[in-house]
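Visitor:
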Amino acid sequence: MNTEKTHKITFRASFIAFSLLLLSSCTQKNAETYFESMNTFMKVRCYGAESEKANKEAQKRISELEALLSVTKPESEVYRLNHTPSFPVEVSETTANLLSFCLDMAERTDGAFNPCLYPATSLWGFTKTSFHIPSQKEIENILPLTDWKKVTVNKNYITAAPGMMFDFGAAGKGFAGDEAIKILKAHGIKSALLDLGGNIQTIGVKPDGSEWTVGIKNPFGAEPLGSLCIKDEAVITSGGYERFFTGEDGRRYIHIFDGRTALPVSNNVMSATTVGKSGVLCDALSTSLFVLGPEKAAAFWKNNPEFDYIIVTADKKIFITDGIVRRFSLLPPAQEFETCIIK
Ligand code: ADP
Ligand code: MG
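So, in C-alpha cells, the structure goes:
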C-alpha cells in the first residue's frame, strides 16, 4: 500500500472516530435544573444516562440541608439549636460534623473564621435586613457569646455557653455542593457544573473533553475580572459588595464579620476567591481569607497549600497563588490591575 493511500485511510478512520465522539457528546443525555434554596438561586447541569434522576436527587438533598441548617426557619435543626433553653443539644450527624469542621476552621484561622457569629450578625441586622449600628454596650455584651472556644461537639451532642448561636452561612453552600456532587457521582455522572448562588462546583470536564471556564467576578463592575480554567474543582468567592449597608456615619458595613472581634470586616479586601477540590473547605476559606487580608492569607496558604486563591483589594491589586496563575486570564477591564503572584 502506498503512503498516500495509508494516509487517506488513517485520515478517514480518525475523521469517523472524531465524528462519533462528537455525536456521542451531543447526544449524551443531559439535564439542567434551576431552583431556589439557601436564600439564593441554584443551577445544576449534568451529563450522563441518569442525568435527570441524578439532578432531582441532588436538588432534594440540597433542600434537605436547607431544612436542617436554616437560621431563619423555625422548623430547622439549627433554629432549634439556636433557641435552646439549655445545652447540651442533640443534633443530626450532619450538623454535628459540619460544626466540628467549622470549629476546626476557627482553630486553623486563629478565629478569623467563626461559626458562632449569629449574635453579632443579627445585632447588626444582617439576618433580618434591618441594618443599624449597635451601641458600644450592645457590641460588648455579645462578644462573649461569639467565643467558639466554649463550644464542644461530643458525638451528636453540642454544648455551648447559654445564649450562643450558630450560623453555617459561610460554609453551608459549599457543603451542599459537595453533597450534591456525591449524589451525581453515585449516578455515574462524570461531567457536571453546579452554580449554587455563585459558588461554582464541577465534576470532571465538559462533555467535549475541554476544561470548564468560569468567570471571576470583578468587585468594581459587572464585567468579569478574568476567567479561570478548572476541572473537578470548586471556585468560591466571598465579596464585600454582596450584602452591606451604609451607616448614619457614612461608612460601609459588610456581611462578613471578623470572627475575632465580632465586627463587620473593614480591611482593603474587595473579594476573596478560592479554588480547590473540596467545596466546603473552599467556602470556609473564601470567608476566612477575606477576613485575614492579603498578608495573613499568604502566610496561611504557605502552611496549607491544598487550595489556590485570588484576592482583589481596594487599591486594584490582584493576589493570585502560583498554582492557578497559568490557568487564569485577566479580561480587558481589569488589565490595569497590578498582579502579585504568591509563591
Ligand atoms: P456568601 O455565602 O454570602 O456568598 P460567605 O461564604 O463569605 O458569603 O458567607 C458569609 C456569611 O457567613 C455571612 O452572611 C454570615 O452569615 C457568615 N459569616 C460572616 N462572617 C463570618 C466569619 N468570619 N466566619 C464564619 N461565618 C461568617
Ligand atoms: Mg464562604
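Per mature numbering (1 follows the signal peptide of the UniProt record, and there is no 0): the sequence shown = residues -31 to -1, 1 to 312.
Quick reminder that beta carbons are idealized off the backbone N, C-alpha and C, glycines included.
Please read these numbers as outputs of a predicted model, since none were measured by experiment.
Are the beta-carbon atoms belonging to V294 and T242 less than 8 Å from one another?
Guide: Working through the sequence shown from its first residue, we reach residue 294 at position 325. Working through the sequence shown from its first residue, we reach residue 242 at position 273. No, they are not a contact pair.
Visitor: Residues in its own chain within less than 6 Å of P103 by CB, not counting five upstream and five downstream?
Guide: As a working mapping, residue 103 is identified with position 134 in the sequence shown. Closer than 6 Å at Cβ, skipping near neighbours: L92.
Visitor: Contact defined as beta carbons within less than 8 Å: I believe L86 pairs with F226. What is the distance between those atoms, to the nearest angstrom?
Guide: In the sequence shown, residue 86 corresponds to position 117, counting from 1. In the sequence shown, residue 226 corresponds to position 257, counting from 1. The pair is a contact, with the Cβ atoms about 5 Å apart (cut-off 8 Å).
Visitor: State the Cα-Cα distance for the pair L38 and A303, rounded to the nearest angstrom.
Guide: Stepping through the sequence shown from its first residue, residue 38 is reached at position 69. Stepping through the sequence shown from its first residue, residue 303 is reached at position 334. One C-alpha to the other measures close to 37 Å.
Visitor: Counting Cβ pairs, one atom from each stretch, are 3 or more of them under 8 Å apart for the stretch 108 to 125 and the stretch 281 to 289?
Guide: No, they do not touch.
Visitor: Evaluate Y278 with the Cβ neighbour count: other Cβ atoms within 10 Å of its Cβ, from every protein chain shown; 16 or more gives buried, anything less gives exposed.
Guide: Position 309 of the sequence shown, counted from the first residue, corresponds to residue 278. When all chains shown are included, Y278 counts as buried.
Visitor: Do the stretch 17 to 31 and the stretch 43 to 51 meet, that is, are 3 or more Cβ pairs less than 8 Å apart?
Guide: Result no; under three Cβ-Cβ pairs closer than 8 Å.
Visitor: If you follow the beta strand (DSSP E) that R14 is in, where does it begin and where does it stop?
Guide: Translated into the one-based positions of the sequence shown, residue 14 becomes position 45. Segment 9 to 16, the beta strand (DSSP E) holding R14.
Visitor: What are the uninterrupted segments assigned as beta strand (DSSP E) that are 3 or more residues long and contained completely in the stretch 121 to 196, given in chain order?
Guide: List check, beta strand (DSSP E) in window: 121 to 123, 126 to 128, 160 to 165, 168 to 172, 181 to 185.
Visitor: Work out the CA separation of R212 and Y222 for me, nearest whole Å.
Guide: For this step, residue 222 is matched to residue 253 along the sequence shown. For this step, residue 212 is matched to residue 243 along the sequence shown. Cα to Cα, Y222 sits roughly 9 Å from R212.
Visitor: What residues are listed by DSSP as bridge partners for L232?
Guide: Here residue 232 refers to the residue found at position 263 when the sequence shown is read from its first residue. Per DSSP, D227.
Visitor: Relative to ligand 1, is the shortest distance from any of its heavy atoms to the C-beta of T256 smaller than 7 Å?
Guide: Mapped onto the sequence shown, residue 256 falls at position 287. It does: the Cβ of T256 is within 7 Å (strictly closer) of some heavy atom of ligand 1.
Visitor: So E307 is in the beta strand (DSSP E); what residue range does that whole segment cover?
Guide: Numbered from 1 along the sequence shown, position 338 holds the residue referred to as residue 307. First-last of the beta strand (DSSP E) with E307: 307 to 311.
Visitor: What residue ranges within the stretch 20 to 87 form continuous alpha helix (DSSP H) runs of no fewer than 4 residues, ordered along the chain?
Guide: With a minimum length of 4 residues, the continuous alpha helix (DSSP H) runs that stay inside the stretch 20 to 87 are 20 to 38, 46 to 51, 62 to 77.
Visitor: Let's test the definition: count the other Cβ atoms within 10 Å of the Cβ of P274 and tell me whether it reaches 16, buried, or not, exposed.
Guide: Mapped onto the sequence shown, residue 274 falls at position 305. Exposed, because fewer than 16 other Cβ atoms sit within 10 Å of the Cβ of P274.
Visitor: Can you tell me whether T128 sits near ligand 1, meaning its C-beta is under 7 Å from at least one heavy atom of the ligand?
Guide: Looking up residue 128 in the sequence shown gives position 159. No - ligand 1 has no heavy atom lying nearer than 7 Å to the Cβ of T128.
Visitor: Roughly how many whole angstroms lie between the Cα atoms of K157 and D201?
Guide: The residue labelled residue 157 in the question sits at position 188 within the sequence shown. The residue labelled residue 201 in the question sits at position 232 within the sequence shown. First, the amino acid is wrong: residue 157 is Gly here, not Lys. Each residue's Cα considered, the two are about 14 Å apart.
Visitor: Could you check whether the Cβ of K42 sits closer than 8 Å to any Cβ belonging to chain B?
Guide: Among the chains of the structure shown, chain B does not appear; only one protein chain is present.
Visitor: Could you please give the first and the last residue of the uninterrupted beta strand (DSSP E) stretch that includes A241?
Guide: In the sequence shown, residue 241 corresponds to position 272, counting from 1. Taken as a continuous stretch (DSSP letters only), the beta strand (DSSP E) holding A241 covers 238 to 245.
Visitor: Pull the bridge partners of I205 from the DSSP assignment, please.
Guide: Here residue 205 refers to the residue found at position 236 of the sequence shown. Bridge partners of I205: T243.
Visitor: First and last residue of the alpha helix (DSSP H) that includes A266?
Guide: The sequence position of residue 266 within the sequence shown is 297, counting from 1. 248 to 272 is the span of the alpha helix (DSSP H), which, as asked, contains A266.
Visitor: Express the C-alpha separation of A81 and G141 in angstroms, rounding to a whole number.
Guide: Counting from 1 along the sequence shown, the entry for residue 141 is found at position 172. Counting from 1 along the sequence shown, the entry for residue 81 is found at position 112. So the two alpha carbons sit approximately 17 Å from each other.
Visitor: Given 7 Å as the limit, tell me if D252 has its C-beta closer than that to any heavy atom belonging to ligand 2.
Guide: Indexing the sequence shown from 1 puts residue 252 at position 283. Yes, since a heavy atom of ligand 2 falls inside the 7 Å radius drawn around the Cβ of D252.
Visitor: Identify which residue in A267, T182, V58, N272 has its Cα closest to the Cα of I310.
Guide: Position 341 of the sequence shown, counting from 1, holds the residue named residue 310. Of the candidates A267, T182, V58, N272, the one whose C-alpha sits nearest the C-alpha of I310 is A267.
Visitor: How would you write the range of the beta strand (DSSP E) that I108 sits in, first residue to last?
Guide: Counting from 1 along the sequence shown, the entry for residue 108 is found at position 139. Note, I108: premise wrong, no beta strand (DSSP E); alpha helix (DSSP H) at 105 to 111.
Visitor: On the three-state DSSP scale, how would you describe G277?
Guide: As a first step, residue 277 is located in the sequence shown; it is residue number 308 there, counting from the start. Reading the sequence as shown, one finds Asp at residue 277 and not Gly. D277: strand per DSSP, three-state reduction.
Visitor: So L68 and I31 are in contact, right, with Cβ under 8 Å, and what is the actual spacing, rounded?
Guide: As a working note, residue 68 is residue 99 in the sequence shown. As a working note, residue 31 is residue 62 in the sequence shown. Not a contact, Cβ separation roughly 19 Å.
Visitor: Consider the C-beta atom of S240 and the heavy atoms of ligand 2; say whether any pair is separated by less than 7 Å.
Guide: For the purposes of this step, residue 240 is taken as residue 271 along the sequence shown, with counting starting at 1. Every heavy atom of ligand 2 is 7 Å or more from the Cβ of S240, so no.
Visitor: Look up F297 in the DSSP assignment and say whether it is helix, strand or coil.
Guide: The count along the sequence shown starts at 1 and reaches residue 297 at position 328. Looking at F297 - three-state DSSP - the assignment turns out to be strand.
Visitor: With DSSP collapsed to three states, give me the class of S91.
Guide: The count along the sequence shown starts at 1 and reaches residue 91 at position 122. Helix.
Visitor: Per the DSSP calculation, T215 is bridged to which residue(s)?
Guide: Translated into the one-based positions of the sequence shown, residue 215 becomes position 246. T215 pairs with R221.
Visitor: Please determine, among D147, P176, I152, G216, the residue with the shortest C-alpha to C-alpha distance to N249.
Guide: As a working mapping, residue 249 is identified with position 280 in the sequence shown. Before going further, note that residue 249 is Val rather than Asn in the sequence given. Minimum Cα distance to V249 is reached at D147.
Visitor: If we call anything under 8 Å between Cβ atoms a contact, is S139 one with T256?
Guide: Counted from its first residue, the sequence shown places residue 139 at position 170. Counted from its first residue, the sequence shown places residue 256 at position 287. Residue identity differs from the one stated: residue 139 is Ala in this sequence, not Ser. A contact, by the Cβ cut-off of 8 Å.
Visitor: What is the C-beta distance between residue 314 and T215, in whole angstroms, given that I count them as a contact (C-beta under 8 Å)?
Guide: Outside the shown range of the chain, which is -31 to 312, sits residue 314, and nothing can be said about it.
Visitor: What residue range does the beta strand (DSSP E) around S99 cover?
Guide: Taking the first residue of the sequence shown as position 1, residue 99 is located at position 130. Careful: S99 lies outside any beta strand (DSSP E) and carries neither H nor E.
Visitor: May I ask you to check if the CB of S247 is nearer than 7 Å to at least one heavy atom of ligand 1?
Guide: Translated into positions along the sequence shown, residue 247 becomes position 278. Result no, Cβ not under 7 Å from ligand 1.
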